[in-house]
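Trainee: One structure, as structure tokens, below. Some questions next.
There are 2 protein chains.
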Amino acid sequence: MKLATYKDGSRDGQLIVVSRDLSQAHYANGIATRMQQVLDDWGFVSPQLDELYTLLNHGKLRHAFNFEPKQCIAPLPRAYQWANGSAFINHVELALQARGAEVPESFYVDPLMYQGGSDDFLGPCEPARFVSEAMGIDFEAEVAVITGDVAMGASPEQALEGVRLLVLANDWSLRNLIPAELAKGFGFFQSNPATAFSPVAVTPDELGEAWAKGRVDLSLQSMWNGRKVGQCEAGPEMTFHFGRLIAHIAKTRQVRAGSIVGSGPVSNKDWKNGYSCITEKRAIETIQDGAPKTEFMKFGDSIRIEMKGRDGLSVFGAIDQDVVSLHEEQ
Amino acid sequence: MKLATYKDGSRDGQLIVVSRDLSQAHYANGIATRMQQVLDDWGFVSPQLDELYTLLNHGKLRHAFNFEPKQCIAPLPRAYQWANGSAFINHVELALQARGAEVPESFYVDPLMYQGGSDDFLGPCEPARFVSEAMGIDFEAEVAVITGDVAMGASPEQALEGVRLLVLANDWSLRNLIPAELAKGFGFFQSNPATAFSPVAVTPDELGEAWAKGRVDLSLQSMWNGRKVGQCEAGPEMTFHFGRLIAHIAKTRQVRAGSIVGSGPVSNKDWKNGYSCITEKRAIETIQDGAPKTEFMKFGDSIRIEMKGRDGLSVFGAIDQDVVSLHEEQ
Chain A
9 MKLATYKDGS RDGQLIVVSR DLSQAHYANG IATRMQQVLD DWGFVSPQLD
59 ELYTLLNHGK LRHAFNFEPK QCIAPLPRAY QWANGSAFIN HVELALQARG
109 AEVPESFYVD PLMYQGGSDD FLGPCEPARF VSEAMGIDFE AEVAVITGDV
159 AMGASPEQAL EGVRLLVLAN DWSLRNLIPA ELAKGFGFFQ SNPATAFSPV
209 AVTPDELGEA WAKGRVDLSL QSMWNGRKVG QCEAGPEMTF HFGRLIAHIA
259 KTRQVRAGSI VGSGPVSNKD WKNGYSCITE KRAIETIQDG APKTEFMKFG
309 DSIRIEMKGR DGLSVFGAID QDVVSLHEEQ
Chain B
9 MKLATYKDGS RDGQLIVVSR DLSQAHYANG IATRMQQVLD DWGFVSPQLD
59 ELYTLLNHGK LRHAFNFEPK QCIAPLPRAY QWANGSAFIN HVELALQARG
109 AEVPESFYVD PLMYQGGSDD FLGPCEPARF VSEAMGIDFE AEVAVITGDV
159 AMGASPEQAL EGVRLLVLAN DWSLRNLIPA ELAKGFGFFQ SNPATAFSPV
209 AVTPDELGEA WAKGRVDLSL QSMWNGRKVG QCEAGPEMTF HFGRLIAHIA
259 KTRQVRAGSI VGSGPVSNKD WKNGYSCITE KRAIETIQDG APKTEFMKFG
309 DSIRIEMKGR DGLSVFGAID QDVVSLHEEQ
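Chains as they are written, first to last, in the working numbering: chain A, 9 to 338; chain B, 9 to 338.
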């Protein structure tokens with residue numbers, strides 16, 4: 009099943025069901041109006057949406073309309089939790105290696121994770137607004153899951169059962185704010201502005217065999233200003249699967265329905281696959297040549313993030329954003 | 009105006025209006041059913057609630073009932089943001105001094121703040137459940153505000169205009185998990201389990217002249233196992249006022265309605281005022297005697313946090329929680 013949220017002027021938007029090929033859509037009213045409602049009462053609501061989805065795919069709905077990703081806000085336009093892991097340890101290895109630091113042993117058994125802001129997400133085609141280019145504007149292409157309720161103390165296997173939906177995320181980062189912020193010891197804050205999400209959220213069964221062992225075994229493409237800079241495999245090198253990441257949250261608290269849990273930037277050992285964030289390219293340049301060469305993003309730049317299924321079709325639709333000055337007219 | 013949320017079996021509970029003296033209450037249906045609705049549309053909804061509040065205070069509502077704090081869940085049982093500052097720099101000074109470290113100059117001009125989990129808050133009288141006493145269970149008594157929308161780039165003065173409601177918070181912390189977690193560099197995560205809030209949220213005008221310069225000029229009492237351990241002044245020594253804290257969030261992103269922003273533990277230079285978290289008492293013991301003596305909380309312990317107005321009446325009602333093993337029958 010594929011779900012999305014259309015703009016309607018309200019804070020939570022309007023829930024729609026989207027056809028498998030992303031061509032058609034249908035309002036879900038009569039069943040649920042907002043995405044969070046579905047997650048709050050998944051067992052009751054999702055089978056009804058699934059029926060609508062089947063009819064839509066068979067072209068049997070009179071009031072279906074053409075699906076326009078530009079009319080989407082984030083599937084969950086605001087959420088009660090956005091916890092982002094750094095589950096591709098290769099990304100961490102590169103970052104530390106570029107600084108001449110060792111990767112602590114514990115990083116291979118205990119996931120890195122931070123709590124992100126979740127009150128104001130960006131839609132897939134909304135401009136990303138920043139105060140200044142000097143902050144070091146970087147994209148981060150990743151995969152994320154949206155959960156149901158998961159009890160405190162859940163095992164990774166139990167936690168994995170809590171996965172309800174998958175999305176792509178662009179976790180915008182302000183790299184030049186990070187060193188001072190981390191030095192304060194309280195983690196990322198101002199360096200993590202609003203995150204953007206793919207137009208469509210999909211149930212795991214939509215991935216078929218590509219959803220395996222808590223990972224998405226497909227490649228994630230990043231196009232920066234129209235040039236392909238990354239085609240990274242999101243499956244085999246994900247050190248900690250999504251069940252591990254959710255269980256990390258659940259170690260000391262309940263995880264409640266509608267929590268979004270991210271993989272961190274998808275990253276591969278083979279540099280030929282490119283990168284899912286500029287900071288990784290800069291780490292590679294530093295390791296190779298002693299200094300980074302690629303600059304961070306400028307106002308006017310664009311970034312497009314997309315994942316295709318084994319049938320060659322876009323699974324989630326594309327995140328396709330422009331970088332814009334906060335002071336430019338809206 | 010005083011508002012609270014009653015248990016009704018749903019995730020968001022039922023909005024009620026509570027009388028100034030906390031003796032009576034009335035359902036707000038017909039106006040709004042959930043606290044977040046009020047914050048989403050403050051300008052339209054709050055005047056209607058205020059009328060109801062006036063009638064309630066004058067004993068003019070036929071369907072008023074006795075207010076029972078034990079029937080409350082958190083005013084916002086789940087929120088889109090919980091950003092917690094450490095605005096009382098004395099707390100930071102003590103913590104660092106006990107470790108033999110200096111306070112960086114920047115800490116006096118740039119607030120410390122972390123993003124907390126906000127998907128699962130505790131009600132004022134709900135037991136706080138933990139996996140193990142060995143995690144170093146500590147309370148943190150603080151003041152927090154709930155905001156409306158605040159634009160990216162807002163000044164501290166503009167941000168202060170975004171304060172809609174005030175609450176007390178008990179930001180539970182697992183002290184023995186903190187060193188390893190901070191060493192990872194991503195900030196607090198498992199060391200910050202679910203936070204509890206006071207029964208009642210109040211508009212700033214309820215504080216009269218005690219709401220001044222973005223601070224609450226009243227004292228916050230902490231009773232641990234029935235013994236008063238803290239009576240700390242929440243006003244004059246708050247280094248960064250709430251407008252400063254909100255503006256810190258707004259530096260690189262929009263702050264959206266229903267964001268909760270905390271002061272961090274209320275802390276005074278005069279040690280006779282006691283403490284608002286055990287870790288501060290242990291820091292003082294370390295500075296005085298070279299080692300901490302007071303142990304963290306045990307299963308069966310209780311903590312009561314309350315603030316009285318200049319009229320001697322409880323402003324927010326009390327947070328009154330027992331510490332319970334996760335494995336004890338619910």
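Yeah, the Cβ is synthetic: ideal placement off N, Cα and C, and Gly gets one too.
On a predicted model such as this, the values are computed, not experimentally measured, just so you know.
1) Can you list, in chain order, the residues of its chain with a C-beta nearer than 6 Å to that of residue 94/B? Leave out the 5 residues immediately preceding and following it.
2) For the region 147 to 196 of chain B, which segments carrying the alpha helix (DSSP H) assignment without a break, of at least 4 residues, lie completely within its bounds, in sequence order?
3) For residue 182/A and residue 260/B, which I take to be in contact (beta-carbon distance under 8 Å), what is that distance rounded to the nearest angstrom?
4) Is it buried or exposed for residue 13/B, if we count other Cβ within 10 angstroms and need 16 for buried?
5) Exposed or buried, residue 73/A, counting other C-beta atoms within 10 Å across all chains shown (16 or more means buried)?
6) According to DSSP, simplified to helix, strand and coil, what is residue 327/A?
7) Residue 275/B: buried (16+ other C-beta within 10 angstroms of its C-beta) or exposed?
8) Going along the chain, which residues of its own chain have a beta-carbon closer than 7 Å to the beta-carbon of residue 78/A, five neighbours each way excluded?
9) For a cutoff of 8 Å on Cβ pairs, would you count residue 202/B as touching chain A?
10) In the DSSP assignment, find the alpha helix (DSSP H) that holds residue 75/B and state where it starts and stops.
11) Tell me whether the beta-carbon of residue 153/A lies closer than 8 Å to the beta-carbon of residue 174/A.
12) Would you say residue 86/A faces chain B, with C-beta separation under 8 Å as the test?
13) Taking the Cβ atom as the reference point for each residue, do residue 325/B and residue 224/B lie within a distance shorter than 8 Å?
14) Does residue 139/B come within less than 8 Å of chain A when only Cβ atoms are used?
15) Mind checking if residue 267/B is an interface residue toward chain A, Cβ cutoff 8 Å exclusive?
16) Mind checking which residues open and close the alpha helix (DSSP H) that includes residue 239/A?
17) Does residue 126/B come within less than 8 Å of chain A when only Cβ atoms are used?
18) For residue 217/B, count the other beta carbons within 10 Å of its own beta carbon; 16 or more makes it buried, fewer makes it exposed. Which is it?
19) Could you tell me which of 63/A, 159/A, 205/A, 305/A sits nearest to residue 254/A, measuring between CA atoms?
20) Quick check: does the Cβ of residue 54/A come within less than 7 Å of any heavy atom belonging to the ligand NAP?
21) Inspect the CB distances between the region 300 to 312 of chain B and the region 137 to 148 of chain B and report whether three or more fall short of 8 Å.
22) Going along chain A in order, which residues have a C-beta closer than 9 Å to the C-beta of residue 304/B?
23) Between which residues of its own chain and residue 232/B is the CB-CB distance below 6 Å, once the five residues before and five after are set aside?
24) Tell me the DSSP bridge mates of residue 13/A?
25) For chain A, check one thing: does any of its Cβ atoms lie closer than 8 Å to the Cβ of residue 161/B?
26) The beta strand (DSSP E) with residue 92/A in it runs from where to where?
27) For the region 249 to 265 of chain A, list every residue whose C-beta sits within 9 Å of some C-beta in chain B, in sequence order.
28) Closer than 8 Å, CB to CB, is residue 324/B near chain A or not?
29) Let me know if residue 127/B comes out buried or exposed under the rule of 16 or more other beta-carbons within 10 Å of its beta-carbon.
30) I'd like to know whether the C-beta of residue 182/A is nearer than 8 Å to at least one C-beta of chain B.
31) With a threshold of 8 Å between beta carbons, is residue 107/A in contact with chain B?
32) In whole angstroms, what separates the C-alpha of residue 42/B from that of residue 17/B?
33) Given that a residue counts as buried once 16 or more other Cβ atoms are within 10 Å of its Cβ, and exposed if not, what is residue 55/A?
34) Determine the closest residue to residue 87/B out of 40/B, 203/B, 138/B, 322/B, with distance taken between C-alpha atoms.
35) Looking at chain A, is there any beta carbon in it that lies within less than 8 Å of the beta carbon of residue 96/B?
36) In whole angstroms, what separates the C-alpha of residue 150/A from that of residue 135/A?
Mentor: Taking the structure as given:
1) Along the second sequence, read from residue 1 onward, the residue named residue 94/B stands at position 86. For residue 94/B, the CB contacts under 6 Å within the same chain, skipping 5 residues up- and downstream, are 100, 120, 272 in chain order.
2) Runs found: 164 to 168, 186 to 192.
3) The sequence position of residue 182/A within the first sequence is 174, counting from 1. The sequence position of residue 260/B within the second sequence is 252, counting from 1. That pair is a contact at about 6 Å.
4) Residue numbering aside, residue 13/B sits at position 5 when the second sequence is read from its first letter. By the 10 Å Cβ count, residue 13/B comes out buried.
5) Within the first sequence, residue 73/A is the residue found at index 65, counting from 1. Residue environment for residue 73/A: exposed (fewer than 16 other C-beta atoms within 10 angstroms of its C-beta).
6) Numbered from 1 along the first sequence, position 319 holds the residue referred to as residue 327/A. Strand at residue 327/A.
7) One-based indexing of the second sequence puts residue 275/B at position 267. Here residue 275/B is buried, its C-beta having at least 16 other C-beta atoms within 10 Å.
8) Counted from its first residue, the first sequence places residue 78/A at position 70. 133.
9) Taking the second sequence and counting its residues from 1, the one referred to as residue 202/B is at position 194. Yes, residue 202/B lies at the interface with chain A (some Cβ there is under 8 Å from its Cβ).
10) Locating residue 75/B in the second sequence gives position 67, where the first residue counts as 1. Per DSSP, residue 75/B lies in no alpha helix (DSSP H) segment and is marked neither H nor E.
11) Along the first sequence, one-based indexing puts residue 153/A at 145. Along the first sequence, one-based indexing puts residue 174/A at 166. Going by C-beta atoms, residue 153/A is nearer than 8 Å to residue 174/A.
12) Mapped onto the first sequence, residue 86/A falls at position 78. Cβ-Cβ to chain B under 8 Å: yes for residue 86/A.
13) Here the question's residue 325/B lines up with position 317 in the second sequence. Here the question's residue 224/B lines up with position 216 in the second sequence. Cβ distance not < 8 Å, so residue 325/B and residue 224/B don't count as in contact.
14) Numbered from its first residue, the second sequence carries residue 139/B at position 131. Yes, its Cβ sits closer than 8 Å to a Cβ of chain A.
15) Reading the second sequence from its first residue, position 259 is the one you call residue 267/B. At least one chain A Cβ lies under 8 Å of residue 267/B.
16) For the purposes of this step, residue 239/A is identified with residue 231 of the first sequence, where counting begins at 1. DSSP places residue 239/A outside any alpha helix (DSSP H); the residue lies instead in the beta strand (DSSP E), whose first and last residues are 235 to 241.
17) Here residue 126/B refers to the residue found at position 118 when the second sequence is read from its first residue. By this cut-off, residue 126/B is an interface position.
18) Counting from 1 along the second sequence, the entry for residue 217/B is found at position 209. Classification of residue 217/B: exposed, given that the 10 Å Cβ count is below 16.
19) One-based indexing of the first sequence puts residue 254/A at position 246. It is 159/A.
20) This structure lacks the ligand NAP; in fact it carries no ligand of any kind.
21) Yes: the two stretches touch, three or more of their Cβ pairs being nearer than 8 Å.
22) Taking the second sequence and counting its residues from 1, the one referred to as residue 304/B is at position 296. In chain A, no part has a C-beta under 9 Å from the C-beta of residue 304/B; the shortest such distance is about 14 Å.
23) In the second sequence, counting from the first residue as 1, residue 232/B sits at position 224. In the same chain as residue 232/B, and ignoring 5 residues on each side of it, the C-beta atoms closer than 6 Å to its own belong to 311, in chain order.
24) Your numbering for residue 13/A matches position 5 in the first sequence. Note: residue 13/A sits in a beta bridge opposite 23/A, 81/A.
25) One-based indexing of the second sequence puts residue 161/B at position 153. Answer yes: the Cβ-Cβ gap between residue 161/B and chain A drops below 8 Å somewhere.
26) For this step, residue 92/A is matched to residue 84 along the first sequence. Start and end: 89 to 93.
27) Those would be 256, 257, 259, 260, 261, 262, 263, 264, 265, in chain order.
28) Stepping through the second sequence from its first residue, residue 324/B is reached at position 316. Closer than 8 Å to the CB of residue 324/B there is not a single CB belonging to chain A.
29) As a first step, residue 127/B must be located in the second sequence, where it is residue number 119. Buried.
30) Within the first sequence, the letter at position 174 stands for residue 182/A. Yes, residue 182/A lies at the interface with chain B (some Cβ there is under 8 Å from its Cβ).
31) Position 99 of the first sequence, counted from the start, is the residue given in the question as residue 107/A. Residue contact check for residue 107/A against chain B: no CB pair falls below 8 Å.
32) Position 34 of the second sequence, counted from the start, is the residue given in the question as residue 42/B. Position 9 of the second sequence, counted from the start, is the residue given in the question as residue 17/B. Rounded to whole angstroms, the gap between the alpha carbons of residue 42/B and residue 17/B is 13 Å.
33) As a first step, residue 55/A must be located in the first sequence, where it is residue number 47. Classified as exposed, residue 55/A has fewer than 16 neighbouring CB atoms from the shown chains inside 10 Å of its CB.
34) Taking the first residue of the second sequence as position 1, residue 87/B is located at position 79. Checking every option, the nearest Cα to that of residue 87/B belongs to 203/B.
35) Translated into the one-based positions of the second sequence, residue 96/B becomes position 88. No, residue 96/B does not count as interfacial toward chain A.
36) Here the question's residue 150/A lines up with position 142 in the first sequence. Here the question's residue 135/A lines up with position 127 in the first sequence. When rounded, the distance between both Cα atoms is 18 Å.
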